[in-house]
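A short write-up of the structure that comes next.
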Amino acid sequence: NKLKSLPETIGNLLNLESLDASCNKLHKLPNQIGSLSSLEDLTLTENCLDSLPDEIGNLAQLHQLSVDSNRLRSLPSSLASLHNL
2 NKLKSLPETI GNLLNLESLD ASCNKLHKLP NQIGSLSSLE DLTLTENCLD
52 SLPDEIGNLA QLHQLSVDSN RLRSLPSSLA SLHNL
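Positions in the sequence shown are counted from 1; adding 1 to them yields our numbering.
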C-alpha cells in the first residue's frame, strides 16, 4: 500500500471498530480520527508518522494501539486518558 494520508471524512465512520493502515506512507493522521468513538483496534505500524494528534485521546474504546516502525519521537499526553489500552 502507498497511502500518504487518510481522508478527514474518516471521522464519519462512527461504528468502525478496527482500522489497519499499516505498511503505508502516512505522514500524519487527520484530527478527525478522534471522532471514531467505537474504535477498539488501531494499527499504524510501518508508516512515516512523526506525531499523533492529541485527539487520539478521545478514543475511549481503544484496546490496542500499534505504532511501531514509525518516526515517532513522543506520544501525546492525551493517551494517558485511554484506560483500556
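By construction, the Cβ of each residue, glycine as well, lies at the ideal position given by its N, Cα and C atoms.
Boundaries for S6: no beta strand (DSSP E) harbours it, and the DSSP string shows neither H nor E there. Contact check for V68 against L45 passes: the beta carbons are separated by less than 8 angstroms. Here P77 has S52, L53, P54, D55, I57 and G58 as same chain residues with Cβ atoms under 8 angstroms from its own Cβ, once five neighbours each way along the sequence are excluded. Burial check for L30: the Cβ neighbour count within 10 Å reaches 16 or more, so the residue is buried.
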